[in-house]
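Just so you know, the sequences run in chain order B and Y.
When we follow UniProt numbering, the leftmost residue of the first sequence carries the number 1, and every step to the right adds one.
When we follow UniProt numbering, the leftmost residue of the second sequence carries the number 1, and every step to the right adds one.
All C-beta atoms in this analysis are idealised placements derived from N, C-alpha and C, irrespective of residue type, glycine included.
Take a look at the structure set out below.
There are 2 protein chains.
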Amino acid sequence: MVEEAKLLGTYASFLNVRIEIALKLKGIQYEYIEEDLSNMSALLLKYNPVHKKVPVFVHNGKPVAESLVILEYIDETWKDHPILPKHPYDRAIARFWAKFVDEKRERRRATELKIIEEAGEQMKILENELKGKEFFGGETIGYLDIVVFSVAYWFQVLIQVFGVEFLPEEKFPVVCKWIGRLLDIDVIKSCVPPREKHLAYIKARIEDARAASK
Amino acid sequence: MVEEAKLLGTYASFLNVRIEIALKLKGIQYEYIEEDLSNMSALLLKYNPVHKKVPVFVHNGKPVAESLVILEYIDETWKDHPILPKHPYDRAIARFWAKFVDEKRERRRATELKIIEEAGEQMKILENELKGKEFFGGETIGYLDIVVFSVAYWFQVLIQVFGVEFLPEEKFPVVCKWIGRLLDIDVIKSCVPPREKHLAYIKARIEDARAASK
Chain B
1 MVEEAKLLGT
11 YASFLNVRIE
21 IALKLKGIQY
31 EYIEEDLSNM
41 SALLLKYNPV
51 HKKVPVFVHN
61 GKPVAESLVI
71 LEYIDETWKD
81 HPILPKHPYD
91 RAIARFWAKF
101 VDEKRERRRA
111 TELKIIEEAG
121 EQMKILENEL
131 KGKEFFGGET
141 IGYLDIVVFS
151 VAYWFQVLIQ
161 VFGVEFLPEE
171 KFPVVCKWIG
181 RLLDIDVIKS
191 CVPPREKHLA
201 YIKARIEDAR
211 AASK
Chain Y
1 MVEEAKLLGT
11 YASFLNVRIE
21 IALKLKGIQY
31 EYIEEDLSNM
41 SALLLKYNPV
51 HKKVPVFVHN
61 GKPVAESLVI
71 LEYIDETWKD
81 HPILPKHPYD
91 RAIARFWAKF
101 VDEKRERRRA
111 TELKIIEEAG
121 EQMKILENEL
131 KGKEFFGGET
141 IGYLDIVVFS
151 VAYWFQVLIQ
161 VFGVEFLPEE
171 KFPVVCKWIG
181 RLLDIDVIKS
191 CVPPREKHLA
201 YIKARIEDAR
211 AASK
């Protein structure tokens, strides 16, 4: 059977990018399908009827939703270039921090006022976890690098729109060097939207949201 | 090396019970340590400094927190009686629903007024998923059975305190039969607190909370 892999996503989504990085690290060919969340395709409604959200990864016609679940599926299906650590304990630690990052993000939605403060506290804890390591995954990037990068880098760009520096180097030297190392990797480079286009996109979405709330 | 397994928990916690069921299904000896969350032990603060919550599973001195992460760790460490399905796609589906159950629960905390309505909607979706199956895990209980049971059964007891029937059989015939099948299994029986003691415990906790909020 010819493998068929599709990714349903939206432009510059930090959750998509997790899946794209994993697929590219493993050298898996896939078709990317851009979704318009204000006018969802029949495909998205069919493949993720519960949440109606992207990303959805479709492998040989079978859909998987939720970015962390998709990452595990991809790692178990294509064994080359494993992204989760090998030892069960290291895997547990990586999963613990991934959940920590995503939970904080989900809670942040509810209390936007404290957004920068809480994200900063979270990054301080992760700065500490990363000390003395090249990557969360050890000497090469892995699952937790993908998950934390998607949040830290995307948030950094988002906050820049408001003229605030989210990760000043003097406060986050370890995380800043780590982001720099990641941005030097070809696969990562190819998954990160050009900065100016990304900023313009976020500004347009914020304008849309403001117009809609009037 | 002699294996050393400890579980830090609190009485009648639905998150503990997940870990206890998994350990007992696999026949792993462990020491249970009761925690008082109003006066946490140095052990708990040392082992889960980020969340300061139970359950924490400690294996040969190394702690793992977060119930779903612990279940995966246990399944990867002790291969007998696997609880997650074997095929990557089935594993992804089990993980998707486990996340669905826990996310809903976390959101419910924020909007207590809609608690019964939302929990009922969630159970309707799961009722549909379970149709035609003995267990979520197929012919034997597995990861998703443990996760959903802990929420459905515990919630059923909690709601009973308020004189409401959470899962009426005419509305949830599949889930009710499934809960009955689970309660017939010796390992499950040994992990579920006696109903009267459990109800009394919940009532006392509600009284404590009311007194504290005055």
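query	result
For the beta strand (DSSP E) that residue 63(Y) lies in, which residues bound it at each end?	62 to 65
Assess contact between the segment 115 to 133 of chain Y and the segment 144 to 163 of chain Y, defined as three or more Cβ pairs (one per stretch) separated by less than 8 Å. Is contact present?	yes
Would you identify the three-state DSSP class for residue 14(B), choosing helix, strand or coil?	helix
Check whether chain B comes within 8 Å of residue 99(Y), counting only Cβ atoms and requiring the distance to be less than that.	yes
Using 8 Å as the threshold, is the C-beta distance between residue 143(Y) and residue 74(Y) below it?	no
Any chance the segment 14 to 31 of chain B sits against the segment 48 to 64 of chain B, with 3 or more Cβ pairs inside 8 Å?	yes
Taking a Cβ distance cut-off of 9 Å, strictly less, list which residues of the segment 135 to 162 of chain Y are near chain B, in chain order.	none
Closest to residue 96(Y) by CA distance: which of 90(B), 27(B) and 48(B) is it?	48(B)
Could you work out which residues of chain B lie near residue 32(Y), taking near to mean beta carbons separated by less than 8 Å?	In chain order: nothing, as chain B lies at least about 20 Å away.
How many Å lie between residue 6(Y) and residue 167(B) at the Cα?	39 Å
Going by DSSP in three states, residue 7(Y) sits in which element: helix, strand or coil?	strand
Using a cut-off of 7 Å between C-beta atoms, extract the partners of residue 18(B) located in chain Y.	Here the premise fails: no neighbours, minimum Cβ distance about 15 Å.
Name the chain Y residues whose beta carbon is nearer than 8 Å to that of residue 125(B)?	50
In three-state DSSP terms, what is residue 59(B)?	strand
Which same chain residues end up closer than 6 Å to residue 149(Y) when comparing Cβ atoms and leaving out the 5 residues on each side of it in sequence?	182
Tell me, please, whether the CB atom of residue 47(Y) is closer than 8 Å to any CB atom in chain B?	no
What residue range is occupied by the uninterrupted beta strand (DSSP E) comprising residue 33(Y)?	31 to 34
Per the contact definition of three or more C-beta pairs closer than 8 Å, is the segment 187 to 204 of chain Y in contact with the segment 8 to 15 of chain Y?	yes
Please go through the same chain and pick out, in chain order, the residues whose beta-carbon is closer than 7 Å to the beta-carbon of residue 25(B), but skip the five residues on each side of it.	81, 83 and 187
Give the secondary structure of residue 292(B) by DSSP, where H, G and I count as helix, E and B as strand, and everything else as coil.	With chain B covering 1 to 214 only, the question about residue 292(B) has no answer from this structure.
Return the CA-CA distance between residue 65(B) and residue 89(Y), expressed in angstroms with no decimal places.	11 Å
Which runs of the alpha helix (DSSP H) at least 4 residues long sit entirely within the UniProt domain "GST C-terminal" (60 to 206) of chain B? Give them in chain order.	67 to 77, 88 to 110, 115 to 130, 143 to 161, 173 to 183 and 186 to 191
On the CB-based measure, 16 or more other CB atoms within 10 Å of its CB, does residue 51(Y) come out buried or exposed?	exposed
Any Cβ of chain B within less than 8 Å of the Cβ of residue 79(Y)?	no
Just the chain B side, please: which residues come within less than 9 Å of residue 119(Y) by C-beta, in chain order?	By Cβ distance, chain B contributes nothing, its closest Cβ being about 15 Å from residue 119(Y), past 9 Å.
According to DSSP, is residue 19(B) helix, strand or coil?	helix
Could you tell me whether any Cβ in chain B is nearer than 8 Å to the Cβ of residue 212(Y)?	no
Closer than 8 Å, CB to CB, is residue 91(B) near chain Y or not?	yes
Assign residue 87(B) to one of two classes, buried (16 or more other C-beta atoms within 10 Å of its C-beta) or exposed (fewer than that).	exposed
Judging by CA-CA distance, which residue of 62(Y), 29(Y) and 45(Y) is the nearest neighbour of residue 36(Y)?	45(Y)
Please classify residue 38(Y): does DSSP put it in a helix, a strand, or coil?	coil
Using a 10 Å radius around the Cβ and a threshold of 16 neighbouring Cβ atoms, would you call residue 138(B) buried or exposed?	exposed
Under a Cβ-count criterion, where at least 16 other Cβ atoms within 10 Å of its own Cβ denotes burial, should residue 38(Y) be classed as buried or exposed?	exposed
Could you check whether the Cβ of residue 170(B) sits closer than 8 Å to any Cβ belonging to chain Y?	no
So, using beta-carbon positions, are residue 192(B) and residue 126(B) closer together than 8 Å?	no
Taking only heavy atoms of the ligand ATP into account, decide whether any of them is closer than 7 Å to the Cβ of residue 172(B).	Summarising the ligand content, the structure contains no ligands, and the ligand ATP is consequently not present.
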